[in-house]
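Q:
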Amino acid sequence: LTQPLSWAMAFFAYQFPPFILAAHLGGISAGQLARMILAMCATAWIVMMPLLYLWWQFLGYFG
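Residue numbering for the sequence shown follows the numbering used here, beginning at -13 and increasing consecutively.
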């Protein structure tokens, strides 16, 4: 369950060079790339982060 953390951090500047390179190699336009990043971040924050919190709580990190 460490993947949601990386999905949610796609807005940070150090994450953009790999996205730009992959988009260029894959022939993806900037608009499509922006929509993909927004969809990944929204999925991470709305769905995966609460599940990650519940998982950590189950493991005993939050008492």
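Quick reminder that beta carbons are idealized off the backbone N, C-alpha and C, glycines included.
#1: Under DSSP, the alpha helix (DSSP H) around Y39 begins and ends at which residues?
#2: For the structure I just gave you, are there three or more beta carbon pairs, one from the region 2 to 12 and one from the region 28 to 44, closer than 8 Å?
#3: May I have the straight-line CA-CA distance separating C27 from F(-2), to the nearest angstrom?
A: Taking the geometry as given:
#1: 35 to 45
#2: no
#3: Whole-angstrom Cα-Cα distance: 11 Å.
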